[in-house]
Every structure is written in C-alpha cells, then in structure tokens.
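One structure below.
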Amino acid sequence: MPKDYNLTPKPGKRISLADHDPNYHADHDEESARAELAILREELDEWQERLYAEGKQSLLCVFQAMDTGGKDGVIKKVFETCNPQGLRVASFKAPTSDELARNFLWRIQNQVPPKGHIGVFNRSHYEDVLVVRVNQLVPKKVWKARYEQINEFEQLLTETGTTILKFYLHISKDEQKQRMEDRLADPKKQWKFSMGDLPVRERWADYMAAYEDAIGKCNTEAARWYIVPANHKWYRDLVVMKAVVKALEQMNPQYPPPEAGLNQVKIPD
Ligand code: ATP
Ligand code: MG
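The numbering used here puts the first residue of the sequence shown at -15, with every later residue one more than the last.
Have a look at this one:
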C-alpha cells in the first residue's frame, strides 16, 4: 500500500518537506495517469471556454520549484490545449533595475490575469522570500515582512474575483542530479542548463527551509499551497490537472444568457 501523502496541508501548520515523499504516486502507474490526464484535459478546455465566455472571474496558477523541478513541463502538459486567447503565462526572472525601483509586488500585480482568463506564473512573488532570502539580497527585516504582505496581496486578489492555486513541485536532490545530467548530455536540452544552477543546488538545504516557511506562512484559506510529488512527471501532471479542474468546477463559470429576441433573428442573405 502507498504511504499517505498530504497534498494540501491545512493552513496554520508548519511544513516539513521531509514528510512528503517526492516519489509518491498513489495507486497510479504511468499509463493510468496519462489516460486520466487526457480525459481531464477535455474537461479543462470546456471549463476554460465557459470562464472566458462568462468574463467575470479569473484563475491564477502559481508554479514554484527548484531547477529541473518541472515548471515548464507541467505548464505545457496541463495547458497545451487551452485556447491561447484566454491563457496568460508570465515567467519571472531576476528583476530588472526598473522592477527593483518599485515594491516587489509591482511587477506581479501587472501580470494578474484579467477576468475570464487563466493566468500561469512560472516563478512568482515567492522568489522574493526564496532566492532573495537564501542569498540575502535584502535585509532579513525586509524579507520577513513579505509573508504577511503576500497574504494581504493574495487576499485582495481573491476578494476581487481571482481564485489562486499555488503549486510547489517537489523533487528530490537525487532526481535533480539525474535531470541535470540528462540536460548536460542532450544537445537539445543543454540550453536549459545554466552554470548558475550549481551554486543554487549547493544551497539545497537552505532552499528547503525557505520553501517550508514560504508554504507554511502563506498557506491561507484564500490561497492554498499544493505540495506536488514531482519525481514522476506523469503523476505531477495529473495532480496539477486535477486541482485545476476541481477549482474551475467550484468557480462554476456559466455561459451568459443569449440577448433578448435572439430566437427571432433571421440572418439576411
Ligand atoms: P527557470 O530557471 O525558471 O527554468 P530560466 O532558466 O529560463 O528559467 P533564469 O534566467 O534562470 O530563467 O531566470 C530565473 C532566475 O531568476 C532564477 O534563478 C530565479 O531565482 C531568479 N529570480 C526570479 N525572481 C527573482 C527575484 N525576485 N529576485 C531575484 N532573483 C529572482
Ligand atoms: Mg534557470
């Protein structure tokens, strides 16, 4: 029997990532997971159409992970058949001087999905309590205040029509080594490897501690974190897809009613 796995820890609880097995895959194998994913993808496409047609609410999916954790992969697998017109993917790199001259949420706010859209964040405002904390890019006092600032920001978004799902793709350090070696060996993947990824890997334990705090302190009723077991790509994709479809079901967007008199309309020749 597979061990229990707590995918969405309750708000207010301290997080221990060591208690989450990155290899977990419930009772799925690759074949069953891929088959279920294909069915759910059709459901997602239908929900996205309704969300867009309704134009009253939006969904924001935040993805965070260590390098090679699978952010690019899961975004592709889950959203690849969505209508691009209603989908906005934003990737957050190291801030520009222009962005650094503002508060850390300025560039984030600017990418929040408008009503009717699904927004996807590849990295996010959480970098400002992860890489920024580990590398001491700002004083401790500054990053410590950010957990509460993030909670208030996310609260504002949810109160104004945006449902937020936050995914931490949880891989093991061994799995990262394997994936980095694969990248180095494959000319089609070498572009994904950066020398700068190595010093980050060296600080693995510091990053895990930073993730535990980021997830624990910003796991609110309004915007829950999912700790996605991500060593198996096929299970990772399924977990995220299920959460996205479930959120859309709960949002339950409706096609707007037809204009009055539509049944009388005759299209002229
Ligand atoms: P990824 O590494 O996400 O797959 P990439 O390799 O194309 O994408 P990079 O050029 O590595 O992109 O940019 C991401 C880098 O930017 C990461 O090292 C990340 O920690 C850093 N970054 C993102 N946001 C911030 C921030 N607010 N402050 C400092 N660094 C940041
Ligand atoms: Mg990178």
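Built from N, CA and C at the ideal position, the CB exists for glycine as well.
My guess is that residue i and residue j are in contact by the Cβ rule of under 8 angstroms, so how many angstroms apart are they, rounded?
i    : j    : result
K134 : H109 : With the sequence shown as reference, residue 134 is identified as Ile, and Lys is not the correct amino acid for it. That belief holds up - the Cβ atoms of I134 and H109 are roughly 6 angstroms apart, short of 8 angstroms.
C66  : L28  : 7 angstroms
R25  : M225 : 7 angstroms
C45  : F151 : 7 angstroms
E38  : G100 : 7 angstroms
V228 : V62  : 6 angstroms
F47  : N94  : With 8 angstroms as the limit, F47 and N94 do not qualify as a contact, their Cβ atoms being about 18 angstroms apart.
Report yes if the C-beta of residue i is less than 7 angstroms from at least one heavy atom of ligand 2; otherwise report no.
i    : result
S108 : no
S178 : yes
D51  : yes
D221 : no
Is the beta carbon of residue i sitting closer than 8 angstroms to the one on residue j?
i    : j     : result
L222 : H4    : no
P213 : Y36   : no
V113 : A194  : yes
S42  : P98   : yes
A17  : W188  : no
R220 : V58   : yes
A211 : P(-7) : Before going further, note that residue 211 is Ile rather than Ala in the sequence given. In contact: I211 and P(-7) (Cβ atoms closer than 8 angstroms).
E159 : P6    : yes
L1   : E196  : yes
Would you say the beta carbon of residue i is closer than 7 angstroms to some non-hydrogen atom of ligand 1?
i    : result
E186 : no
D170 : no
A78  : yes
E15  : no
Does the region 149 to 156 come into contact with the region 50 to 60, if we say contact requires no fewer than three beta-carbon pairs (one atom in each stretch) closer than 8 angstroms? yes
Quick check: the region 160 to 175 against the region 112 to 130, are at least 3 beta-carbon pairs closer than 8 angstroms? no
Which runs of the alpha helix (DSSP H) at least 4 residues long sit entirely within the region 46 to 86? Give them in chain order. 55 to 63 and 81 to 84
Within the region 137 to 188, note down every full alpha helix (DSSP H) run reaching 4 residues or more, in order along the chain. 157 to 169 and 181 to 186
Between the region 70 to 84 and the region 200 to 207, do three or more beta carbon pairs fall short of 8 angstroms? As far as the Cβ criterion goes, the region 70 to 84 does not touch the region 200 to 207, which means the pair count is below three.
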